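Trainee: At position 286 of the sequence shown the residue is numbered 889 (our numbering), and the sequence of numbers has no breaks. Ideal Cβ placement from N, Cα and C applies to all residues, glycine included. What you are looking at is a predicted structure, and each value in this text was computed from that prediction instead of being measured.
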Amino acid sequence: MATRGSFSNRLGFVLAAAGSAVGLGNIWKFPFEVALGGGAAFVLMYLLFCFLLCFPVMVTEVTIGRKTQKNPVGAFTALGFKNWRFIGVLGLVAGVVILSFYNVIAGWAFGYFVEMASGNFAVSQNFGAFTSDWVKVGLYAIVFMFFTAFFVSKGVSGGIERLAKILMPSLIVMILILVGYSFTLPNAMEGVKFYLIPDVSAINIGTIGGALRQAFFSLSLGMGALITYGSYLSKNDNIVSSSAFITLADVGIAFIAGLMIFPLVAYNNGGDMSMVQSDQAGPGLIFITLPGVFETLGPGLGAFIGAFFFLLLSFAALTSTVSLLEVPVSYAVDELRMRRKPAVIVVAIIIFVVGIPSLLANGASDFFGTAFKLPRSSDFLSLVAGLADIMLLFGGFLIVSFAAFIWKKHNLHEEIASGYEGYENTFVKKGISFLITFLCPFILAILFVLVLLDNFFGIALI
Ligand code: TRP
604 MATRGSFSNR LGFVLAAAGS AVGLGNIWKF PFEVALGGGA AFVLMYLLFC FLLCFPVMVT
664 EVTIGRKTQK NPVGAFTALG FKNWRFIGVL GLVAGVVILS FYNVIAGWAF GYFVEMASGN
724 FAVSQNFGAF TSDWVKVGLY AIVFMFFTAF FVSKGVSGGI ERLAKILMPS LIVMILILVG
784 YSFTLPNAME GVKFYLIPDV SAINIGTIGG ALRQAFFSLS LGMGALITYG SYLSKNDNIV
844 SSSAFITLAD VGIAFIAGLM IFPLVAYNNG GDMSMVQSDQ AGPGLIFITL PGVFETLGPG
904 LGAFIGAFFF LLLSFAALTS TVSLLEVPVS YAVDELRMRR KPAVIVVAII IFVVGIPSLL
964 ANGASDFFGT AFKLPRSSDF LSLVAGLADI MLLFGGFLIV SFAAFIWKKH NLHEEIASGY
1024 EGYENTFVKK GISFLITFLC PFILAILFVL VLLDNFFGIA LI
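In structure tokens:
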């Protein structure tokens, strides 16, 4: 244990795991998924999924991690089920795929910070030109991968913990200030209505699948990232309350990011929310719409706030990229017996190379930008992002099913009980049993198939 490192205390684990969860998924992805998913109905589904389906998966991942003190591949072997290691391998692949494109977007956010801080406030007026400039975004992506590798090479408690402790609260304060400001703008309430008053009749598999994918991605579930973080958690810590805190923090930050963005969209479009699905939807929401509003603050203050916002966003992304890189690195250290530093360097380089097509997919290369036709997108980055989401859903399904039916739930409960006084007789235990053995495996299996058909074959069954 001493050589693997561990979190210095429970707060360290909770903050690092919350840091993993909170990232571009909350601030960049969540708002535009809500926009594409039609607004409040999507938000409603998202909340349901986070608490009913994802929270039990999170408890399961953390529990397996702490029980075995292993990376996701080694964990299944350590429990005595060598044949189930493939779940961990799948997770490893998902992690590599996610980080390969996530690092590109993180590079954009970091690039926006650098550009705005050095006086190029107009960067957002030509987002397309920015993402097409492959030399520039390539460099930003390299720098970002370097930072990630640096923190991962320091080990869990040295780097990751400390980073999350200072930055998460700053990010929350910044977003809340921007929420306050956006509420004062004309037509703000139209945006709030779009975001919060659901039209339940609009719910279809697109909304449901999008919300479920977003929930898994945002909570960092389905690939064993939290098995890995759980492996550094002490036996005295309460897994259930820690997981509840992480879920609430992640959902809360996504929610306030939406409160910040949608009034701005309404303001930009004179209160007409029908535009939200077309021109500004997609990645542009945070990179075009939001900076457009910084501009109304004037070049001095606007540039300052803009630079600061993208700096904080970069940090939020960094605590997530760190958790993504940590998974394959912990595998290389535990299973391949590599030393931590060389493992970090090798894995980071591999992932960067895998990400090069994603780097070129938004303007730099016609081929990577248009040749990958799916029902709703045709660029390489969207393709891998969609594939990764599907892998997370499948992984989540496999992990709970494994815990409930193969490892058996009494073993799960036994591990949860350590650090949770009186767990045996609680309602929480009954609830977790029900969710893990009934609700999660069956609902996840059904939704996985529906989402797969809809996203990759354009077949919408509901
Ligand atoms: N949850 C992070 C975000 O919202 C991204 C992330 C980090 C992630 N680690 C993960 C997603 C593991 C899935 C699995 O930005």
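(1) Quick check on this structure: which residue in S727, A857, A964, G999 has the alpha carbon closest to the alpha carbon of D982?
(2) Quick one: grab the DSSP three-state call for N790.
(3) What three-state label does DSSP hand T680 in the structure shown?
(4) Using 8 angstroms as the threshold, is the C-beta distance between Y832 and S756 below it?
(5) Does any C-beta atom of chain B lie closer than 8 angstroms to the C-beta of I908?
(6) On a CA-only basis, which of G722, V795, P945 is nearest G874? Give me that one, please.
(7) The ligand TRP and F820: does any heavy atom of the ligand fall closer than 7 angstroms to the residue's C-beta?
(8) Take L695 as the anchor and find which of L651, G813, A828, G741 has the nearest alpha-carbon.
(9) According to DSSP, is V625 helix, strand or coil?
(10) With S834 and N674 assumed to form a contact (beta carbons below 8 angstroms), what rounded beta-carbon distance in angstroms separates them?
(11) Got a sec? Which residues, its chain only, sit under 7 angstroms from E664 by beta carbon, not counting five neighbours each side?
(12) Is A624 near the ligand TRP, with its Cβ less than 7 angstroms from a heavy atom?
(13) When you compare only the Cα positions, how much space is there between L1056 and T810?
(14) Might you give, ordered along the chain, the residues of its own chain that have their beta carbon closer than 7 angstroms to the beta carbon of M878, omitting 5 neighbours on each side?
(15) Among K1011, M876, F971, whose alpha-carbon lies nearest the alpha-carbon of L1121?
(16) Do the region 955-964 and the region 973-987 meet, that is, are 3 or more Cβ pairs less than 8 angstroms apart?
(17) Who are the near neighbours of P659 in its chain, counting only those whose CB is closer than 8 angstroms to its CB and skipping five residues on each side?
(18) Could you say which of F997, L867, A767, I1019 lies nearest to T666 if we only look at CA atoms?
(19) In angstroms with no decimal places, state the Cα-to-Cα distance between I948 and M941.
(20) So which of Y784, T751, N729, C657 has the shortest CA-CA distance to S703?
(21) Do A857 and F633 come within 8 angstroms of each other at the CB atom, strictly closer than that value?
Mentor: Put simply:
(1) A964
(2) coil
(3) helix
(4) no
(5) Looking for chain B here will not work: only one protein chain is present.
(6) V795
(7) yes
(8) A828
(9) coil
(10) 7 angstroms
(11) L824, G827, L829, I830, G833, I1002
(12) yes
(13) 14 angstroms
(14) N872
(15) Because the chain is modelled from 604 through 1065, residue 1121 falls outside the range shown and cannot be assessed.
(16) yes
(17) V1003, I1035, L1038, I1039, L1042, C1043
(18) I1019
(19) 11 angstroms
(20) T751
(21) yes
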